Amino acid sequence: MITFEAVTKRYPDGTVAVDSLDLDVPDGRVMVLVGPSGCGKTTTLRMINRLVEPTAGRVLIDGRNVADSDPSKLRRGIGYVIQQTGLFPHRTVEDNIATVPLLIGWKKASARARARELMDLVGLDPAALARRYPYQLSGGQQQRVGVARALAADPPVLLMDEPFSAVDPIVRAALQDELIRLQAELHKTVVLVTHDVEEAIKVGDLVAVFRPGGHLAQVDTPERLLGAPADDYVRDFVGFDRGIRRLSFFPAAGLDLATDTVLTAATTFADAITAGHRAGEPWLLVAGADGRPLGWAAVADLKAGSPAAALADAQLAPVGHTFRPDTDSLRAALDATILSRTERAVGVDASGRAIGTTSYERLRDAIRAAEDAAEAGAEMVRQTAGEAR
Ligand SMILES: Nc1ncnc2c1ncn2[C@@H]1O[C@H](COP(=O)(O)OP(=O)(O)OP(=O)(O)O)[C@@H](O)[C@H]1O
Ligand SMILES: [Mg+2]
Numbered sequence: 326m327i328t329f330e331a332v333t334k335r336y337p338d339g340t341v342a343v344d345s346l347d348l349d350v351p352d353g354r355v356m357v358l359v360g361p362s363g364c365g366k367t368t369t370l371r372m373i374n375r376l377v378e379p380t381a382g383r384v385l386i387d388g389r390n391v392a393d394s395d396p397s398k399l400r401r402g403i404g405y406v407i408q409q410t411g412l413f414p415h416r417t418v419e420d421n422i423a424t425v426p427l428l429i430g431w432k433k434a435s436a437r438a439r440a441r442e443l444m445d446l447v448g449l450d451p452a453a454l455a456r457r458y459p460y461q462l463s464g465g466q467q468q469r470v471g472v473a474r475a476l477a478a479d480p481p482v483l484l485m486d487e488p489f490s491a492v493d494p495i496v497r498a499a500l501q502d503e504l505i506r507l508q509a510e511l512h513k514t515v516v517l518v519t520h521d522v523e524e525a526i527k528v529g530d531l532v533a534v535f536r537p538g539g540h541l542a543q544v545d546t547p548e549r550l551l552g553a554p555a556d557d558y559v560r561d562f563v564g565f566d567r568g569i570r571r572l573s574f575f576p577a578a579g580l581d582l583a584t585d586t587v588l589t590a591a592t593t594f595a596d597a598i599t600a601g602h603r604a605g606e607p608w609l610l611v612a613g614a615d616g617r618p619l620g621w622a623a624v625a626d627l628k629a630g631s632p633a634a635a636l637a638d639a640q641l642a643p644v645g646h647t648f649r650p651d652t653d654s655l656r657a658a659l660d661a662t663i664l665s666r667t668e669r670a671v672g673v674d675a676s677g678r679a680i681g682t683t684s685y686e687r688l689r690d691a692i693r694a695a696e697d698a699a700e701a702g703a704e705m706v707r708q709t710a711g712e713a714r
């Protein structure tokens, strides 16, 4: 646990970068500090490894005031990744990564072996890249080397200052996914600084929103930040489509799919029309013998055809987008539905078999239920916290 207790940083010119900050970073979690330029994020981060000393208050790691530890020893236990990677230009990739192990007295051969192991971990091919110099790598590869170097001594704490801001959006998304994957394996205590609220919501277990002057506006889970911003500042900061984005945190499993709208290709037009009327649905999903969706039949079209004909012979509209109720979110289900010409999307299982179909009404019910459940959960947390006090 990293704890900020009433921490203030006033720079010599009088600028108050951080103003009586109280913040807890739980072990094994990713805490993202986000806010506009100059609001004190970097200053906050650098007080953890004593690159900046607080003017007042204390920063504790596991209850120990960092001010009482030797700075270089402290920093060896804390990985630090910065925006422009800070790689040593005249050292090879493997020697960059091996920096801290060498510093703490590892033999060169074992430090390099560790470096190659870490290259694998962060998705770099050691055989191809270990002997290159930083300038011979792409921006994304350099960022990965920076992360590998920060992890080299297996520190429990990892500080990352805008680690992905120098790369294009696609590489950036890949690096974010990589961090999420790494963290699931390594369970470091991570403090990550970013300008980008999307990034904060994607990679953070908790997000601390700063306002100018080094004040905290809100610390919460990404879902709560989107669902219950503390004030207008946070509401504006998280953006206009927070309602939609919040649906990413609700599983599509909560959606009650229509199942009587899924028919086999052998079904006759007459039976299909009856099924359509019974379900109150203008569109029916036709599935092949293997259960995979083939396309949508319009009940109105079937009425114009021969009642004895089979759906296999019907004119079908394209399946459109599908989603997985067991693994996807309500946002994915909504998106698939919006993108579909039939205003309906197909839920499929792991082997691609159609399970059921959506509609706007069914989505609306699922969204309301999820929001009510989230509100009830938050209320329970508030009550429990109240009782504990
Ligand atoms: N060494 C310094 N001396 C004086 N003022 C400083 C110093 N370093 C930072 N500041 C000021 O402190 C405030 C907070 O700076 P900090 O670098 O922590 O912001 P930040 O949130 O990381 O901003 P950015 O998103 O632009 O990186 C700013 O007003 C900045 O100008
Ligand atoms: Mg900064």
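In the working numbering, the protein residues as written are 326 to 714. Glycine included, C-beta positions come from ideal geometry on N, C-alpha and C. Computed from a predicted structure; not experimentally measured.
Which of helix, strand or coil DSSP assigns to residue i
i	result
residue 334	strand
residue 416	coil
residue 456	coil
residue 618	strand
residue 648	strand
residue 429	coil
residue 515	strand
residue 592	coil
residue 439	helix
residue 543	strand
residue 603	helix
residue 374	coil
residue 396	helix
residue 385	strand
residue 580	coil
residue 563	helix
residue 391	helix
residue 705	helix
residue 538	coil
residue 489	coil
residue 462	coil
residue 340	coil
residue 642	strand
residue 585	coil
residue 496	helix
residue 573	helix
residue 612	strand
beta-carbon residue i near ligand 2 non-hydrogen atom, thresh 7 Å
i	result
residue 513	no
residue 367	yes
residue 391	no
residue 528	no
residue 486	yes
residue 377	no
residue 518	yes
heavy atom of ligand 1 below 7 Å from residue i C-beta
i	result
residue 342	yes
residue 685	no
residue 405	no
residue 338	yes
residue 490	no
residue 345	no
residue 363	yes
residue 411	no
residue 382	no
Proximity to residue i [Cα-Cα], best of the options
i	options	result
residue 484	649, 338, 370	370
residue 435	420, 449, 661, 446	420
residue 388	667, 571, 330, 709	330
residue 358	539, 708, 422	539
residue 695	605, 627, 649, 576	576
residue 586	669, 651, 553, 507	669
residue 449	472, 429, 431	472
residue 592	606, 612, 579	612
residue 304	652, 624, 519	Any question about residue 304 goes unanswered here, given that the chain covers just 326 to 714.
residue 373	681, 432, 482, 423	482
8 Å contact criterion, which residue i and residue j should meet: CB distance rounded
i	j	result
residue 365	residue 342	4 Å
residue 441	residue 455	6 Å
residue 620	residue 644	6 Å
residue 609	residue 687	That pair is no contact at about 15 Å.
residue 475	residue 564	30 Å between Cβ atoms; not a contact.
residue 748	residue 516	A query on residue 748 cannot be resolved here, the shown segment of the chain reaching from 326 to 714 and no further.
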